[in-house]
Amino acid sequence: MASSSVSSLLRLSFCLFILQVMNIGRCSAATRIYQFKVQTKRLTRLCQTKEIVTINGKFPGLAITAQEDDNIVVNVINMTPYNATIHWHGIKQKLSCWYDGPSYITQCPIQSGQRFTYNFTVAQQKGTFFWHAHFSWLRATVYGPLIVYPKANVPYPFKKPFKEHTILLGEYWLKNVVELEKHVLESGGPPPPADAFTINGQPGPNYNCSSKDVYELEIVPRKTYLLRLINAGINMESFFTIANHRLTIVEVDSEYTKPFTTERLMLVPGQTMNLLLTADQPIGRYSIAMGPYESAKNVKFQHTSAIASLRYFGAFPNSVASPAKLPVFNDNIAVKTVMDGLRSLNTVDVPKDVDAHLFITIGINVNKCNSEDPNNKCQGPRKGRLAASMNNISFTNLKSRFWKLITRNWKGNDTQAANGTRAMVFEYGSRIQIIFQNTGTLTTENHPIHLHGHSFYVIGYGTGNYDQQTARFNLEDPPYLNTIGVPVGGWAAIRFVADNPGLWLLHCHRHPSNMGNEHNVYSEKWQDGAGDSTSSSCRSTKVLASSKLANYDRGRIVLATTTERELEAPICLLLFI
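Going by the working numbering, the final residue of the sequence shown carries number 1283, and the count climbs one at a time with no gaps.
Take a look at the structure:
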């Protein structure tokens, strides 16, 4: 009897120990709470003062920091006359797609005077991310870093740097960006080039009235630094370099890579890179430069580079900085060299078998004018309207419901895109391969394609048309990204597993493409038993009379909305199976 009691006590003690260990794992994650006030601020740049939209009056915005598996809560109040949403770029939003941020896709805009709380977990993620507005062109000034550190006592796969610094690349317009967007939409013409490039919000001495608007980074000789580089720009791919210094890439899109050392690199809009910089040069000042990569021909762009300053501790304050040398505007070789050097740190589990093969053409089209104002002649080529497209379909915001993606075998050079809303539905756990083919319906250019809710393996890319017989795939250590620049006139192949149920946006991260509707949306069905805790969030959504709730049966919910009026609360289009 005593022996039996001791045995029971031991079993109970063991169970309590296991529960305690599990509880410690839960308690080790913290909740990080931030307050976001979307508000205007008067800012002077390039000799002119104007109002810009900011978060908490800061430009660029404040840094959100967390640790892997932490919970992040952001309370947003919109104090501007504009609608707004916030996207947490690169965060996968496991089982929380309604906090992803794309307006009219997984969330209704936060209207003027309204509040909204984002509440999500950075589950099994660490690295450099960023947040930005996902409504209109507000992203031009509404952005900031989101840094997720490894768990305690988990080291970097490289020697711990002495210090780290975050560098945000951006574009700045003198005019009100909301009015600029309105004009582009009405005219159908191309977006105007930025008036300046910026490094941490500062244009540098190459621009008028900007000799003192220079970001300065101070470093200590012989120390190694981690630079968290983020391209928060709207429209342009950007070259980046530091005079007389070599940069070692160790992370791209929050995933570790094999160290790759280069003197210059290129980031597409929405891309992040972590770089190691060693202060191994003579004490002095060195220019940090950001400049444009012109991937399309006959497109207007800002030619002047942004300049920041790298100053060694001990350098004379007024010493002349060594100039930085950027690649020429259209240096495709410089772009390819960096892309060729990106490899996952370790051998990875790339899907060898594929359940869904997709071939998606991406390009710029010209549609008929159809201007509502007879006096407003369209300003696109051939007196038409520019429209970006995927598979010759120019995405239209929700009006009735999502339809399955229809892939056609486009022949010839059909420059006009049809309008539509396409949704691809995948079974949970599907292994998916997508070939993106850059087309020349109007012109070829680099397209930065971003996938929400997932990362993907870039298994191949090349110039010209994709040929299954000659394409070579890397299935051993391809880079694991969430944004890929599809080469000029070329193709890129990606693979990923649809293991994150929800509705996710696939789109070009340039705003001309967003306005021109180079979007696609795909939905993942839920694994048996999954989604129960989140379905009520969609069912309890209050919508105005202009919305429709369709196909509500057997636990399956597809919520379809119109865009005639704005909705009151966040929604998410989900499939619960």
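Even for Gly, the Cβ is constructed at its ideal location relative to N, Cα and C.
Residue(s) in a DSSP beta bridge with V782:
F742, F822
Please report the straight-line C-alpha distance between G894 and Y931, rounded to a whole angstrom.
45 Å
Taking one C-beta from the region 1052–1065 and one from the region 1131–1138 each time, how about it: are there three or more such pairs within less than 8 Å?
yes
State buried or exposed for C803, treating a residue as buried only when at least 16 other CB atoms are found within 10 Å of its CB.
buried
Taking 8 Å as the CB-CB cut-off, is Q977 touching chain B?
The displayed structure is made up of one protein chain only, and chain B is not part of it.
Look at Q1143 and T1067 and say whether their C-beta atoms are less than 8 Å apart.
yes
Please name the residue, chosen from K857, V890, E887, P851, that lies closest to H871 on a Cα-to-Cα basis.
P851
On a CA-only basis, which of N914, V759, W843, Q817 is nearest C753? Give me that one, please.
N914
Any chance the CB of M942 is under 7 Å from a heavy atom of the ligand ZN?
Although the ligand ZN was asked about, the structure shown includes no ligands whatsoever.
Inside the region 935–1023 only - beta strand (DSSP E) runs reaching at least 3 residues
943–948, 953–958, 961–968, 970–973, 978–984, 991–999, 1012–1018
Rounded to a whole number of angstroms, what is the C-alpha to C-alpha distance between N912 and L874?
18 Å
For I1289, count the other beta carbons within 10 Å of its own beta carbon; 16 or more makes it buried, fewer makes it exposed. Which is it?
The question about residue 1289 has no answer here: the residues shown for the chain are numbered 707 through 1283.
N-terminal and C-terminal residue of the alpha helix (DSSP H) that N1038 is part of
1038–1047
Residue from Q977, L1032, V759, I758 whose Cα sits closest to the Cα of C1214
Q977
Under 8 Å between the Cβ atoms of D806 and Q799?
yes
Determine the closest residue to I925 out of L935, N980, L1016, with distance taken between C-alpha atoms.
L1016
Minimum length 3: unbroken beta strand (DSSP E) runs contained in the region 848–894:
849–855, 869–878
Considering only the beta carbon of each residue, do V1056 and L1181 sit closer than 8 Å?
yes
Give the DSSP-derived three-state secondary structure of A846 in the structure shown.
helix
Assigned secondary structure, Y810 (DSSP; H/G/I helix, E/B strand, else coil):
coil
I'd like to know whether the C-beta atoms of L1048 and P1185 end up nearer to each other than 8 Å.
yes
Pop quiz: F742 and V782 are said to be a contact at Cβ under 8 Å. What is the actual Cβ separation, rounded to whole angstroms?
4 Å
Of the residues T1189, Y788, R748, the one placed nearest I647, counting alpha carbons only
Since the first residue shown for the chain is 707 and the last is 1283, residue 647 is missing from the structure and cannot be characterised.
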